[in-house]
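K.L.:
Got a structure for you, written out below as structure tokens; questions coming shortly.
2 protein chains.
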Amino acid sequence: MYQLELTKPDGRRITLFGRREIAQVGAVPSPRSEPVRPNPHYRWHPLRGEWVAYAAYRQDRTFLPPPEYNPLRPCTDPANPTELPTGEYDIAVFDNLFPTLALDAHDPPHLQIETHAGIGHCEVVVFTQDSRTSLGNLPLDHIALLIEVWGERTQKLAQTGKIHYVLPFENRGVEVGVTLHHPHGQIYAYPFVPPVPKRMNEMEAAYCRAHGRALLQDLIAQELRGQSRVLYEGAHAIAFLPPWARYPYEVWVAPKQARAHLFDLSEDERVDLATALKTVLMKYDGLWQKPFPYIMAWYQAPTDGVAHPESHLHAEFYPPYRTREKLKYLAGTEIAAGMFASDALPEDKAKELQAVQVRF
Amino acid sequence: MYQLELTKPDGRRITLFGRREIAQVGAVPSPRSEPVRPNPHYRWHPLRGEWVAYAAYRQDRTFLPPPEYNPLRPCTDPANPTELPTGEYDIAVFDNLFPTLALDAHDPPHLQIETHAGIGHCEVVVFTQDSRTSLGNLPLDHIALLIEVWGERTQKLAQTGKIHYVLPFENRGVEVGVTLHHPHGQIYAYPFVPPVPKRMNEMEAAYCRAHGRALLQDLIAQELRGQSRVLYEGAHAIAFLPPWARYPYEVWVAPKQARAHLFDLSEDERVDLATALKTVLMKYDGLWQKPFPYIMAWYQAPTDGVAHPESHLHAEFYPPYRTREKLKYLAGTEIAAGMFASDALPEDKAKELQAVQVRF
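If you're matching them up, the sequences are chains B and Y in order.
Take 6 as the starting number for the first sequence in my numbering and just add one per residue.
Take 6 as the starting number for the second sequence in my numbering and just add one per residue.
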């Protein structure tokens with residue numbers, strides 16, 4: 006993997022990544038000329054026992070681009086700057102223009118509840134220079150590179166000493182609020198382990214103490230024995246609908262052996278994970294012959310400097326559809342009680358996705 | 006409060022409630038003639054440590070009504086049965102036709118993960134016979150009656166001995182997936198305390214052990230001293246935007262003194278809570294001069310047979326809009342990490358809602 010770190014005119018960092026040496030990089034653009042100086046803060050939610058982040062400047066966006074403007078394509082016209090330079094590279098990662106969290110956040114407001122500076126980091130990961138493709142349509146070695154980039158960014162963010170959890174994710178489709186269709190994802194880096202991965206880590210740690218093994222690794226071994234919900238099995242990776250799926254088309258992608266972080270993967274594991282990922286994405290788009298929306302999140306171990314033998318890196322896909330026409334709205338029981346209810350069995354949805362033939 | 010309990014032709018229960026004696030009730034209808042015999046089940050999500058409910062029959066709905074059909078209005082044409090009889094009553098509560106949970110669920114499937122019969126209860130609360138009004142437009146004593154009905158149903162469900170948590174809620178608006186505009190809500194009754202109220206109860210119990218008082222009661226006292234986020238204050242009730250709001254227009258409605266359950270409220274408290282509720286709802290609809298969508302959930306203490314001095318009954322409103330035109334999509338950080346990020350300060354949103362004049 007080749008990489009080139011650069012600085013934007015407004016002070017933000019951008020890193021270019023390539024499978025081959027990075028060449029002929031044009032001037033580094035930014036849609037803004039003045040420096041971006043966010044100062045978000047956290048407030049403690051005393052009844053949920055969790056932090057809520059406030060980045061109030063985000064509503065003051067003076068920058069109102071025309072609808073056809075794509076800030077994620079390489080900049081060919083300096084009069085209309087985008088976020089990316091021209092050049093020979095595959096993937097770009099840059100600091101979010103309007104981040105929710107900031108590594109140098111300071112002086113939170115005084116309130117009757119506990120507050121804290123909004124420490125953290127938000128970055129955009131542009132998967133490819135090609136606006137018209139999608140993650141699942143990229144070549145295998147390009148997807149494997151992306152997995153390596155996620156690992157590299159996890160390691161770099163951990164090295165700041167301020168970050169205890171790194172979450173790479175992709176929101177895809179207008180159904181989950183995405184209006185910019187250039188293939189891209191985001192990385193959120195938190196100074197604490199957020200509620201969902203915290204709970205996950207507690208469950209994994211309890212199992213590991215009791216059994217001496219990683220929980221998800223044992224569950225994956227069971228799935229492989231049953232095979233009824235498996236979408237892909239390779240030498241190192243698996244894709245399956247978990248029997249505990251909360252969304253009708255929920256799919257998990259994971260290495261078969263527990264790995265704590267994205268940067269712990271070997272080259273072989275990355276390639277096989279890329280194959281699992283591409284298989285799932287092509288099945289999703291093939292199911293109804295149209296782009297399939299989802300939230301994809303990569304859960305890994307905390308970056309808190311201690312070993313995590315209990316943690317098992319994996320991706321979870323949450324697609325918003327329950328049938329071709331019907332969205333699954335999260336409402337009363339899901340949002341207010343936190344108990345998910347599904348009107349579909351994972352076994353039945355697995356059959357639908359297993360029946361979608363993919364070739365690459 | 007007057008009430009009349011009846012049985013539908015398909016075996017489901019319906020209870021009518023009135024401020025005056027219930028009279029001239031017509032035949033009790035049902036859109037179905039055959040009995041509804043759901044048998045849902047739970048599966049344990051081993052990494053989140055929570056139950057997921059599966060009611061797979063729900064996709065087999067053979068009943069496909071025309072778009073103008075309103076099952077929640079009183080039935081005046083026996084050839085087109087609805088869910089409600091004609092008659093003089095104010096509110097009706099009936100067993101959901103396609104419930105997610107069922108009190109007599111049995112024989113869960115054997116899987117490699119833990120399963121359990123889908124015990125519980127789901128019911129529909131029709132707020133009024135008038136299809137064209139809304140909760141906030143009902144008279145005060147009608148809203149106070151609804152609060153009493155929620156309390157009555159909580160108590161009745163607790164008396165089954167199978168229910169440890171009762172959640173009354175309303176999903177309002179197409180933005181949260183509701184296509185049926187007749188004013189109504191739902192009640193979910195769980196055999197366990199679901200994740201969100203469980204966490205809430207743990208935080209409240211820890212505070213109560215340390216300070217000997219209810220957490221939310223102390224927080225409300227602070228809000229009343231500050232007043233900057235208060236929308237309504239009466240002798241017994243308050244409505245305010247909490248400083249820890251996760252949604253831009255999130256509002257909480259509560260009695261000032263901690264009450265564990267809806268059925269613990271006095272008549273005076275119910276009337277003042279109804280006034281707080283009506284104030285909030287009229288401000289919501291007045292803000293942009295259009296019906297304001299939301300999820301409204303009433304959190305109360307578990308119905309597990311022990312005293313809950315730590316619990317403080319309250320409603321939380323989660324509106325999906327962040328500005329008049331823009332929805333707040335829950336995506337990467339909210340759904341996958343569980344950390345909410347807001348680009349608006351509760352103090353600013355409180356000013357907007359405080360400025361909306363309401364009169365009733």
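Even glycine gets a Cβ: it sits at the ideal position worked out from N, Cα and C.
Can you tell me whether residue 32 of chain Y is buried or exposed, with buried defined as 16 or more other CB within 10 angstroms of its CB?
P.N.:
By the neighbour-count rule (16 or more Cβ atoms within 10 Å), residue 32 of chain Y is not buried but exposed.
K.L.:
Less than 8 Å between CB atoms is the rule here; does residue 54 of chain B satisfy it with respect to chain Y?
P.N.:
Interface residue, yes.
K.L.:
Mind listing which residues of the stretch 79-112 of chain B have their C-beta closer than 9 Å to chain Y's C-betas, in chain order?
P.N.:
So the close ones are 103, 105 and 106.
K.L.:
By DSSP, does residue 208 of chain Y sit in helix, in strand, or in coil?
P.N.:
Helix at residue 208 of chain Y.
K.L.:
Quick one: measure Cβ to Cβ for residue 192 of chain Y and residue 130 of chain Y, integer angstroms, because I've assumed they're closer than 8 Å.
P.N.:
That pair is a contact at about 6 Å.
K.L.:
What's the call for residue 175 of chain B, buried or exposed, on a 16-neighbour Cβ count within 10 Å?
P.N.:
Buried: at least 16 other Cβ atoms inside 10 Å.
K.L.:
Can you check whether the CB of residue 213 of chain Y is closer than 8 Å to the CB of residue 321 of chain Y?
P.N.:
For residue 321 of chain Y and residue 213 of chain Y, no; Cβs fall outside 8 Å.
K.L.:
Could you tell me the boundaries of the beta strand (DSSP E) in which residue 48 of chain B lies?
P.N.:
46-50 is the span of the beta strand (DSSP E), which, as asked, contains residue 48 of chain B.
K.L.:
Please determine, among Y/49, Y/195, Y/356 and Y/148, the residue with the shortest C-alpha to C-alpha distance to residue 277 of chain Y.
P.N.:
Of the candidates Y/49, Y/195, Y/356 and Y/148, the one whose C-alpha sits nearest the C-alpha of residue 277 of chain Y is Y/148.
K.L.:
Return helix, strand or coil for residue 265 of chain Y, following the three-state DSSP convention.
P.N.:
DSSP places residue 265 of chain Y in coil when its eight states are reduced to three.
K.L.:
Chain B beta carbons: is any one of them nearer than 8 Å to that of residue 50 of chain Y?
P.N.:
Yes - at least one Cβ of chain B is within 8 Å of the one on residue 50 of chain Y.
K.L.:
Assuming residue 241 of chain B and residue 305 of chain B form a contact by the criterion Cβ under 8 Å, report the distance between their Cβ atoms to the nearest whole angstrom.
P.N.:
Actually they are not in contact, since the Cβ atoms of residue 241 of chain B and residue 305 of chain B sit about 16 Å apart, beyond 8 Å.
K.L.:
Taking the alpha helix (DSSP H) that residue 158 of chain B falls in, what are its first and last residues?
P.N.:
Looking at the DSSP string, the run of the alpha helix (DSSP H) that includes residue 158 of chain B is 145-163.
K.L.:
Run through DSSP, which three-state label would residue 284 of chain Y get?
P.N.:
Residue state, collapsed to three classes: helix.
K.L.:
Which residues, in order along the stretch 161-191 of chain B, keep a beta-carbon less than 7 Å from a beta-carbon of chain Y?
P.N.:
The stretch 161-191 of chain B vs chain Y, Cβ under 7 Å: 172, 174, 176, 181, 182 and 191.
K.L.:
Can you list, in chain order, the residues of the stretch 127-154 of chain Y whose Cβ is nearer than 8 Å to any Cβ on chain B?
P.N.:
Against chain B - using a Cβ distance shorter than 8 Å - the stretch 127-154 of chain Y contributes no residues.
K.L.:
To be precise: take each residue of the stretch 286-297 of chain Y, compare its Cβ to all Cβ atoms of chain B, and keep it if any distance is under 9 Å. Which residues remain?
P.N.:
Hits within the stretch: zero.
K.L.:
Quick check on this structure: which residue in Y/116, Y/93 and Y/218 has the alpha carbon closest to the alpha carbon of residue 230 of chain B?
P.N.:
Comparing Cα-Cα distances from residue 230 of chain B to each of Y/116, Y/93 and Y/218, the minimum goes to Y/116.
K.L.:
In its own chain, which residues sit with a C-beta less than 7 Å from the C-beta of residue 323 of chain Y, not counting the 5 before and 5 after it?
P.N.:
The residues are 252, 255, 299 and 300.
K.L.:
May I ask you to list, following chain order, the residues of the stretch 320-337 of chain Y that have a beta carbon less than 9 Å from some beta carbon of chain B?
P.N.:
Answer in chain order: 321, 323, 327, 328, 332, 333, 334, 335, 336 and 337.
K.L.:
Hey, is residue 348 of chain Y's beta-carbon within less than 8 Å of any beta-carbon in chain B?
P.N.:
Yes - at least one Cβ of chain B is within 8 Å of the one on residue 348 of chain Y.
K.L.:
Among all the DSSP beta bridges, which residues are the ones paired with residue 233 of chain B?
P.N.:
In the DSSP output, where bridge partners are listed per residue, residue 233 of chain B has none listed.
K.L.:
Span of the beta strand (DSSP E) holding residue 100 of chain Y?
P.N.:
It spans 96-100 - the beta strand (DSSP E) in which residue 100 of chain Y sits, taken as one unbroken run.
K.L.:
I'd like the span of the beta strand (DSSP E) that includes residue 128 of chain B, first residue to last.
P.N.:
Residue 128 of chain B -> beta strand (DSSP E) spans 126-131.
K.L.:
Hey, quick one: how far does the alpha helix (DSSP H) through residue 335 of chain Y stretch, first residue to last?
P.N.:
It is not in any alpha helix (DSSP H) - residue 335 of chain Y carries neither H nor E in the DSSP assignment.
K.L.:
For residue 291 of chain Y, which of helix, strand or coil comes out of DSSP?
P.N.:
If DSSP states are grouped into helix, strand and coil, residue 291 of chain Y belongs with the helices.
K.L.:
With C-beta atoms as the reference, is residue 146 of chain Y less than 8 Å away from residue 25 of chain Y?
P.N.:
No.
K.L.:
Residues in its own chain within less than 8 Å of residue 77 of chain B by CB, not counting five upstream and five downstream?
P.N.:
If we look at residue 77 of chain B and ignore the five residues flanking it on each side, its Cβ neighbours are 87, 88, 89, 129, 131, 136, 185, 187 and 189.
K.L.:
Residue range of the alpha helix (DSSP H) that residue 359 of chain B falls in?
P.N.:
Counting along the chain, the alpha helix (DSSP H) containing residue 359 of chain B begins and ends at 351-359.
K.L.:
Going by other Cβ atoms of all chains shown within 10 Å of its Cβ, with 16 needed for buried, is residue 67 of chain Y buried or exposed?
P.N.:
Here residue 67 of chain Y scores only 47 on pLDDT, less than 50, and its place in the model is too uncertain to base an answer on.
K.L.:
Find out if the Cβ-Cβ distance for the pair residue 14 of chain Y, residue 102 of chain Y is shorter than 8 Å.
P.N.:
Cβ distance not < 8 Å, so residue 14 of chain Y and residue 102 of chain Y don't count as in contact.
K.L.:
Classify residue 64 of chain B as helix, strand or coil using the three-state DSSP reduction.
P.N.:
At residue 64 of chain B, the pLDDT of 47 sits below 50, so the modelled position is not reliable; the number obtained from the coordinates is stated separately. Helix at residue 64 of chain B.
K.L.:
Residues in the stretch 241-253 of chain B with C-beta within 7 Å of chain Y's C-beta atoms, listed in sequence order?
P.N.:
Against chain Y - using a Cβ distance shorter than 7 Å - the residues of the stretch 241-253 of chain B are 248, 249 and 251.
K.L.:
Taking 8 Å as the cut-off, does the stretch 109-124 of chain Y touch the stretch 49-61 of chain Y (at least 3 CB pairs, one atom from each stretch)?
P.N.:
Yes: the two stretches touch, three or more of their Cβ pairs being nearer than 8 Å.
K.L.:
Please report whether the beta-carbon of residue 124 of chain Y lies at a distance below 8 Å from any beta-carbon of chain B.
P.N.:
No, residue 124 of chain Y does not count as interfacial toward chain B.
K.L.:
Taking 8 Å as the limit between beta carbons, can you name the residues of its chain near residue 6 of chain B, skipping five residues before and five after?
P.N.:
Closer than 8 Å at the Cβ level, and outside the excluded window around residue 6 of chain B, lie 22, 23, 24, 150, 153, 154 and 157.
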